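There are 6 protein chains.
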Amino acid sequence: MARHDGRKNDQLRPFKMKRRFTKQADGSILVQAGGTTVLCTASVEAKVPRWLEGEGKGWITAEYSMLPGSTSPRKNRKTDGRSTEIQRLIGRSLRAVADLEALGERAITVDCDVLEANGGTRTASITGAFVALVEAIRTIDLPDPKKYPLRDSVAAVSVGVVDGRVLLDLDYTEDFAAAVDMNVVMTGSGQFVEVQGTGEETTFSEKELTALLKSARKGIAELTAIQSKTLGRQWPF
Amino acid sequence: MARHDGRKNDQLRPFKMKRRFTKQADGSILVQAGGTTVLCTASVEAKVPRWLEGEGKGWITAEYSMLPGSTSPRKNRKTDGRSTEIQRLIGRSLRAVADLEALGERAITVDCDVLEANGGTRTASITGAFVALVEAIRTIDLPDPKKYPLRDSVAAVSVGVVDGRVLLDLDYTEDFAAAVDMNVVMTGSGQFVEVQGTGEETTFSEKELTALLKSARKGIAELTAIQSKTLGRQWPF
Amino acid sequence: MARHDGRKNDQLRPFKMKRRFTKQADGSILVQAGGTTVLCTASVEAKVPRWLEGEGKGWITAEYSMLPGSTSPRKNRKTDGRSTEIQRLIGRSLRAVADLEALGERAITVDCDVLEANGGTRTASITGAFVALVEAIRTIDLPDPKKYPLRDSVAAVSVGVVDGRVLLDLDYTEDFAAAVDMNVVMTGSGQFVEVQGTGEETTFSEKELTALLKSARKGIAELTAIQSKTLGRQWPF
Amino acid sequence: MARHDGRKNDQLRPFKMKRRFTKQADGSILVQAGGTTVLCTASVEAKVPRWLEGEGKGWITAEYSMLPGSTSPRKNRKTDGRSTEIQRLIGRSLRAVADLEALGERAITVDCDVLEANGGTRTASITGAFVALVEAIRTIDLPDPKKYPLRDSVAAVSVGVVDGRVLLDLDYTEDFAAAVDMNVVMTGSGQFVEVQGTGEETTFSEKELTALLKSARKGIAELTAIQSKTLGRQWPF
Amino acid sequence: MARHDGRKNDQLRPFKMKRRFTKQADGSILVQAGGTTVLCTASVEAKVPRWLEGEGKGWITAEYSMLPGSTSPRKNRKTDGRSTEIQRLIGRSLRAVADLEALGERAITVDCDVLEANGGTRTASITGAFVALVEAIRTIDLPDPKKYPLRDSVAAVSVGVVDGRVLLDLDYTEDFAAAVDMNVVMTGSGQFVEVQGTGEETTFSEKELTALLKSARKGIAELTAIQSKTLGRQWPF
Amino acid sequence: MARHDGRKNDQLRPFKMKRRFTKQADGSILVQAGGTTVLCTASVEAKVPRWLEGEGKGWITAEYSMLPGSTSPRKNRKTDGRSTEIQRLIGRSLRAVADLEALGERAITVDCDVLEANGGTRTASITGAFVALVEAIRTIDLPDPKKYPLRDSVAAVSVGVVDGRVLLDLDYTEDFAAAVDMNVVMTGSGQFVEVQGTGEETTFSEKELTALLKSARKGIAELTAIQSKTLGRQWPF
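This is the structure we're talking about:
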């Protein structure tokens with residue numbers, strides 16, 4: 003049985019990345035995953051947060067927000083608990099593959115602004131944020147040219163159980179119907195960064211967990227390939 | 003003497019409008035005026051603000067925000083006095099050409115989110131917001147098909163005095179150097195909607211005022227033509 | 003046809019200024035324009051905002067607020083978009099005639115608190131704020147006695163189109179009925195500082211604009227004379 | 003030994019009340035107690051807070067705020083703990099002499115805005131608020147003309163121990179030097195409404211407490227006489 | 003090699019539950035997991051949030067907060083992103099085992115206030131919240147006595163990788179040193195509710211994931227037994 | 003006639019203090035006064051607020067909050083005017099017996115978190131806060147061992163007039179019914195620190211005031227004895 007948009011169970015939505023979509027920020031990527039569009043911009047600042055001053059290390063953080071017109075009906079323009087949770091996840095995911103000492107004392111903020119939401123905005127944000135981060139790093143004079151500040155690439159995808167089937171890369175309709183919803187963040191070399199699985203008003207078995215992780219691994223491998231192609235470079239070196 | 007980007011004194015920046023840039027909102031226009039990019043989305047809601055309930059009229063309002071990565075250095079993600087002032091201006095400009103009774107009891111919110119800022123974000127927002135508004139109205143079952151809710155089109159442009167010259171459509175560099183900065187909002191039929199002229203830490207004469215208004219009028223006429231072409235329709239009928 | 007309070011079209015409301023109405027602030031003026039009463043106090047502080055430190059310049063800013071009991075029905079005690087917009091306008095108007103270097107590294111804050119509102123609170127605030135500012139400057143040891151920090155005086159008045167007539171200095175009833183509402187800020191020597199004209203849910207022609215500016219110019223000249231008399235001094239020297 | 007301004011220990015500062023200082027609010031009194039000036043306005047609203055709806059009773063509440071220019075150096079324009087505490091005190095004091103059922107289902111808000119602060123702002127506020135409240139009640143159609151909504155008058159004064167002496171009606175200098183600071187709210191008939199005595203970084207004995215209360219009683223009697231004269235009416239009938 | 007407090011790798015900290023620790027709330031449990039102490043209170047309200055009105059269903063939600071004195075150094079008393087994230091997790095975990103229709107139109111709020119924090123506050127909160135919830139449900143007249151509103155019990159525990167070893171129920175010291183940190187929420191019948199694994203500035207392999215889940219399963223089984231004993235009842239029936 | 007819980011008019015509720023109830027804070031006391039339970043923790047910080055820097059003095063402050071589950075119905079988790087007022091009272095009460103210079107440049111914050119509220123939460127907080135403060139001071143290396151930072155002990159109790167009788171230590175039911183409500187803060191040596199008497203929607207006579215103070219004095223003496231016993235030490239030395 004095909005999915006409502008004709009995809010196979012383990013098939014990603016069409017995934018596109020447009021580099022330098024805007025010019026002001028140091029890195030800027032427009033990510034499109036099916037009907038979900040996220041603008042990821044990375045801005046470098048020559049100083050770190052106060053609590054990190056004098057440590058000889060850099061910092062990477064993220065902010066996530068949905069534009070009011072990104073959903074129908076329109077969404078209010080204020081930060082809620084969900085946004086906070088997502089931006090903490092994006093920041094952790096990027097730092098997990100970073101060597102903050104190699105960055106020098108500077109901070110990079112990656113802003114993920116959702117222009118259009120149709121499911122999977124947080125995973126599209128992570129996948130795009132990594133590419134914007136690489137672009138921003140290219141504009142930096144690194145303290146030690148031999149130490150690159152990123153040890154691996156990172157990408158994310160959602161998986162879920164819908165009507166008893168394990169599906170890859172849920173759109174909004176599928177996400178709404180899912181009994182289990184899981185977001186998986188992995189590196190290009192296949193290590194886990196984050197696993198967040200939630201029974202939506204229900205629970206799930208160990209067997210389902212295993213099937214979900216397998217599907218996610220397949221999706222991440224494909225996203226990693228797209229990232230590498232966009233950047234003309236592959237992790238880990 | 004040519005301007006720093008080669009334009010003549012009374013020449014607009016390249017101005018583009020992309021319809022249906024996003025799909026969730028009822029109207030969605032991506033406006034590009036030189037290096038300034040604004041996403042204008044219009045969302046219809048089947049109810050009006052509380053203070054207008056039962057009046058048999060609709061409401062049109064606007065919100066304006068700059069994405070953090072739209073400027074360099076990065077801008078903080080909080081509403082300041084300037085944003086509030088601009089979104090009030092956009093809302094007034096749209097309502098000035100609207101027949102709110104012809105709209106029926108519904109509210110339209112136009113969100114203008116600046117993706118990239120290089121001067122003239124508020125005027126690009128107004129010019130784009132009008133087009134997004136028309137698109138959103140197309141999705142509505144109007145109470146009386148013979149009464150269209152917009153009496154005229156509306157567009158806006160900035161003019162200023164830089165080094166003694168009157169310039170049309172200032173970019174960020176020119177805006178920063180301007181002794182006088184004026185935003186003019188006009189209808190397609192050449193009436194004024196708003197005139198906001200400010201001596202930036204200086205003052206200006208009546209003669210300068212006259213020259214500024216003349217240049218603005220020329221720019222508005224060109225923008226009106228682009229709006230009409232984008233929409234395939236011209237105001238006033 | 004006379005106005006509802008018997009005034010001629012180009013006649014100001016009775017305008018009074020009481021110096022030293024309160025004693026704590028460095029400058030303090032109670033302004034009464036018909037039924038509108040504003041207390042303008044100017045406070046000097048021996049330091050500038052952080053972003054201006056070390057520049058050898060001073061700063062002038064303003065805050066505007068309406069007391070809850072200044073209107074009927076009572077107004078809530080929170081800053082809204084309108085207040086923010088007005089206090090930005092007052093600050094810009096004062097700085098347009100100021101020589102901030104002549105002030106030395108100090109900040110002057112002018113607070114305009116509306117005790118009673120009956121139209122024209124923002125223009126009465128600007129006209130009074132200038133006088134409170136002069137008073138406050140009198141308490142300062144200027145860095146260079148030969149360089150006075152104000153190049154010109156500044157005053158403001160509203161004009162509007164009501165029932166097809168151009169009226170000067172609108173009270174609340176007239177403001178409510180106005181098709182066009184314009185606030186004009188000018189210097190004592192007749193230069194423009196700000197022109198803010200708004201079609202209230204309508205539009206206006208170039209001819210109307212010209213008539214409005216002419217009426218405003220007459221009103222400003224009279225207000226400038228009252229300022230000069232109150233201060234015993236006239237700008238520009 | 004005389005006080006620094008020549009007063010005797012049990013002497014009030016010159017105390018003046020100006021009725022109808024502003025016109026918009028239903029009641030409006032300008033109170034001056036020496037160098038302290040407070041504008042008290044009372045506004046009637048034809049509905050009660052939600053939690054009181056349908057009880058057939060009215061409500062009286064108060065708000066207290068200091069204008070930024072009321073002190074030197076200038077005070078920031080935000081509500082702090084002290085303001086909240088004072089406005090709760092004013093509200094309780096007014097309600098203590100009120101018959102809320104006789105008021106009918108309406109709310110009266112008394113705003114006490116300090117224009118100039120030189121000690122005793124909260125007690126001047128209470129004394130003025132009562133008079134503004136009476137004025138506002140005069141504008142109301144009472145449910146039962148035989149039941150007047152105020153059972154007694156209410157006034158307040160500060161007393162303190164400074165250099166071992168019990169002083170009445172402290173100004174700012176005395177308040178700053180006081181070892182004990184007490185605010186007493188009493189009715190025209192000599193009953194207590196509130197007694198708030200504080201050892202400022204110190205403590206006080208029962209004997210001091212007795213002397214303080216005696217001095218306060220004398221001051222309240224004089225303030226009650228001024229209130230009665232201002233209103234042309236005396237409590238309790 | 004023993005852990006720093008002498009525990010074995012897969013050993014829980016001493017875990018105690020005190021029923022009816024406070025009396026005002028409908029359910030009240032004091033949970034102690036080693037040096038972590040959480041007070042969980044459940045309060046029933048006879049109405050549901052607005053968006054659920056008229057659906058014939060109930061609602062269960064949670065709030066989480068740390069007292070300022072629960073940590074050393076003292077923690078500020080404001081809700082941060084972390085608290086928001088945790089209270090959303092607690093709420094979801096409780097709802098995953100609930101039959102909201104069997105609850106009738108009422109809301110239960112479970113407050114988890116951390117009195118003392120030494121690692122594992124969110125998992126202790128979930129484990130205690132479930133027991134407080136059961137106690138609160140005992141005070142309710144259920145719409146249908148045959149349909150009990152909880153289908154299963156729920157408990158939570160943390161696991162992590164520290165110095166290459168998989169440890170159960172991390173205290174603060176271990177949590178700080180952990181390379182991988184995972185919170186697992188499971189039902190009494192052994193189904194997953196949530197799995198949240200995070201590489202703290204690092205990543206983890208599939209093998210580690212498997213070992214972590216196995217250890218968590220053992221801990222949850224023990225916590226479920228303590229819950230059952232505390233309540234004198236076992237899930238699922 | 004006995005009180006509703008069998009107490010005599012001048013009898014305290016059972017009063018218990020549990021030392022070291024939690025371990026993270028420098029001082030930690032669980033206070034129980036009948037059905038009221040407050041956790042008082044004192045945290046020492048090696049720096050003072052900015053406005054006190056370089057003065058060679060310490061600072062003592064307090065925060066007060068009620069847990070949502072401490073009342074029935076549940077209370078919202080936000081700071082209101084009442085909380086602000088109470089925490090200011092607790093702070094002043096502690097500082098009244100303190101020698102801030104003897105403390106050295108450090109700040110102690112005492113948090114009073116109400117776990118269970120049944121009347122008298124602010125007085126139980128003060129009485130417990132003093133003991134937590136002493137405990138925290140024991141952890142400090144004082145600048146001069148001969149100068150102890152506390153000159154006296156401090157405790158508090160409520161008294162009130164209920165049905166014409168003067169009652170000591172009101173519980174919630176009595177507090178609700180009280181015509182007069184008074185909180186008295188006194189030192190171990192019998193000096194007043196604060197007296198706050200309020201006619202709750204009514205007034206009170208001098209005779210009632212005298213009787214209330216006498217009853218409070220008796221209660222404070224008993225509370226002081228319990229404090230001394232808990233601490234194994236008596237004030238003043």
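Chains as they are written, first to last, in the working numbering: chain D, 3 to 239; chain F, 3 to 239; chain S, 3 to 239; chain U, 3 to 239; chain C, 3 to 239; chain E, 3 to 239.
Quick reminder that beta carbons are idealized off the backbone N, C-alpha and C, glycines included.
Quick caveat, the model's predicted, so the values are computed rather than measured.
query: Span of the beta strand (DSSP E) around residue 132 of chain F; result: Where residue 132 of chain F is concerned, there is no enclosing beta strand (DSSP E), although the alpha helix (DSSP H) it sits in stretches over 123-139.
query: Nearest-angstrom Cα separation, counted from residue 85 of chain E out to residue 81 of chain U; result: 15 angstroms
query: Run of the beta strand (DSSP E) containing residue 23 of chain E, from where it starts to where it stops; result: Where residue 23 of chain E is concerned, there is no enclosing beta strand (DSSP E), given that its DSSP letter is neither H nor E.
query: Rounded distance between the beta-carbons of residue 73 of chain C and residue 43 of chain C, thought under 8 angstroms; result: Residue 43 of chain C to residue 73 of chain C, Cβ: 21 angstroms. No contact.
query: Beta-ladder partner(s) of residue 17 of chain D, from DSSP; result: D/35
query: Three-state class that DSSP yields for residue 205 of chain D in the structure shown; result: coil
query: Residues near residue 233 of chain U by beta carbon distance below 7 angstroms, same chain, minus five either side; result: 133 and 136
query: Within-8 angstroms CB hit, residue 229 of chain S to chain F; result: no
query: Residue of E/97, E/4 and E/113 minimising C-alpha distance to residue 78 of chain C; result: E/113
query: Proximal chain C residues relative to residue 243 of chain D, where beta-carbon distance stays under 9 angstroms; result: One cannot answer for residue 243 of chain D here, as it falls past the ends of chain D, which runs 3 to 239.
query: Residue 3 of chain F burial status per 10 Å Cβ neighbour count (16 or more: buried); result: exposed
query: Where the alpha helix (DSSP H) through residue 179 of chain U begins and ends; result: 174-179
query: Per-residue contacts from residue 73 of chain D into chain F (C-beta, under 7 angstroms); result: 26
query: Interface partners of residue 97 of chain U on chain E, CB under 7 angstroms; result: 203
query: Rounded distance between the beta-carbons of residue 163 of chain F and residue 180 of chain F, thought under 8 angstroms; result: 6 angstroms
query: Boundaries of the alpha helix (DSSP H) in which residue 95 of chain C is found, first to last residue; result: 83-98
query: Selected residue, minimal CA-CA separation from residue 92 of chain D, among D/60, D/131, D/101 and D/116; result: D/131
query: Cα-Cα separation, residue 41 of chain C to residue 151 of chain C; result: 23 angstroms
query: Residue 118 of chain D Cβ short of 7 angstroms to the ligand NAD heavy atom set; result: The ligand NAD is not part of the structure shown, which contains no ligands of any sort.
query: Rounded C-alpha distance that separates residue 210 of chain C from residue 168 of chain C; result: 8 angstroms
query: Minimum Cβ-Cβ distance from residue 189 of chain D to chain C less than 8 angstroms; result: yes
query: Enclosing beta strand (DSSP E) for residue 158 of chain F [first to last residue]; result: 156-164
query: Proximity of residue 38 of chain F and residue 120 of chain F at Cβ, strictly below 8 angstroms; result: yes
query: Buried versus exposed call for residue 57 of chain U [16 or more other C-beta atoms within 10 Å across all chains shown]; result: exposed
query: Local Cβ density within 10 Å of residue 206 of chain C, reported as buried at 16 or more and exposed below that; result: buried
query: Short CB-CB distance (under 8 angstroms) between residue 138 of chain F and chain D; result: no
query: Neighbourhood of residue 195 of chain U by C-beta distance below 7 angstroms, restricted to the same chain and skipping five residues each side; result: 95, 98, 156, 187, 188 and 189
query: Selection from U/213, U/103, U/45 and U/8 that minimises the alpha carbon distance to residue 161 of chain U; result: U/213
query: Backbone secondary structure at residue 219 of chain F - three-state DSSP; result: helix
query: Within 8 angstroms, strictly: CB atoms of residue 227 of chain U and residue 122 of chain U; result: no
query: Interface flag, residue 87 of chain F vs chain S, CB-CB below 8 angstroms; result: yes
query: Terminal residues of the alpha helix (DSSP H) in which residue 169 of chain S lies; result: It is not in any alpha helix (DSSP H) - residue 169 of chain S instead sits in the beta strand (DSSP E) that spans 167-170.
query: Residue burial classification, residue 141 of chain D (beta-carbon count within 10 angstroms, cutoff 16); result: exposed
query: Within-8 angstroms CB hit, residue 226 of chain S to chain F; result: no
query: Option in C/9, C/13, C/17 and C/10 with minimal Cα separation from residue 129 of chain C; result: C/17
query: Residue 113 of chain E - partner residues in DSSP beta bridges; result: E/43 and E/65
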